[in-house]
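Residue numbers (our numbering): 588 to 777.
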């Protein structure tokens, strides 16, 4: 695929992931393609599957408020997707096989979107994109350079998933530090 529109069509036409058969919608992306920050989460939840957009439920609303706190909005500064495009039944964690099936699409999505930086929301997306077994507790808050298949590299920061923050409010302080690091990195990148 040479454009985001072509990639979206390829994903919508793709029949190689069994999750597509149990989902209501293909959840591709939201926000602004080409935005400076690309957020990559895990998989659509019930609200996302119903509406067809990522991060629109309670955790997505928290994420929007978090980014608004550093002067960023979904309508202007963010491009949002997941490593899976279909909801796993019961919101279960995607299997490694399901992740592997969709990972090439996600990596190409990052290449085509050309963000100035990538934020990986949660352990599942961080492990899949960074190809590591390290957990989010060790990965969060540490910048790394994501090398893409086209040879480009993009600064990448794993952080807690907003759903985790809803369950564990004490971790919001660490997420605030991550947001400040994102703001600082964007300023450094110009």
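By construction, the Cβ of each residue, glycine as well, lies at the ideal position given by its N, Cα and C atoms.
Residue i to residue j span [Cα, whole Å]
i, j, result
"residue 686", "residue 714", "10 angstroms"
"residue 754", "residue 646", "10 angstroms"
"residue 665", "residue 677", "28 angstroms"
"residue 658", "residue 600", "36 angstroms"
"residue 768", "residue 588", "32 angstroms"
"residue 697", "residue 757", "31 angstroms"
"residue 721", "residue 655", "29 angstroms"
"residue 660", "residue 651", "7 angstroms"
"residue 734", "residue 743", "10 angstroms"
"residue 695", "residue 760", "32 angstroms"
Residue interval of the alpha helix (DSSP H) (run including residue i)
i, result
"residue 650", "645 to 655"
"residue 690", "683 to 700"
Check whether residue i and residue j have beta carbons under 8 angstroms apart
i, j, result
"residue 644", "residue 669", "no"
"residue 693", "residue 716", "yes"
"residue 641", "residue 667", "yes"
"residue 635", "residue 614", "yes"
"residue 718", "residue 746", "no"
"residue 620", "residue 700", "yes"
"residue 704", "residue 741", "yes"
"residue 633", "residue 674", "yes"
Status (buried if at least 16 other CB within 10 Å, exposed otherwise) for residue i
i, result
"residue 738", "exposed"
"residue 736", "exposed"
"residue 724", "exposed"
"residue 610", "buried"
"residue 597", "exposed"
Range of the contiguous beta strand (DSSP E) that encloses residue i
i, result
"residue 595", "Element bounds for residue 595: not the beta strand (DSSP E) but the alpha helix (DSSP H), 591 to 600."
"residue 729", "Looking at the DSSP string, residue 729 is not in any beta strand (DSSP E), and its letter there is neither H nor E."
"residue 628", "624 to 628"
"residue 740", "740 to 746"
Short CB-CB distance (under 8 angstroms) between residue i and chain D
i, result
"residue 777", "Of the protein chains in this structure there is only one, and it is not chain D."
Does the contact criterion of 3 or more C-beta pairs under 8 angstroms hold for the stretch 688 to 702 versus the stretch 588 to 605? yes
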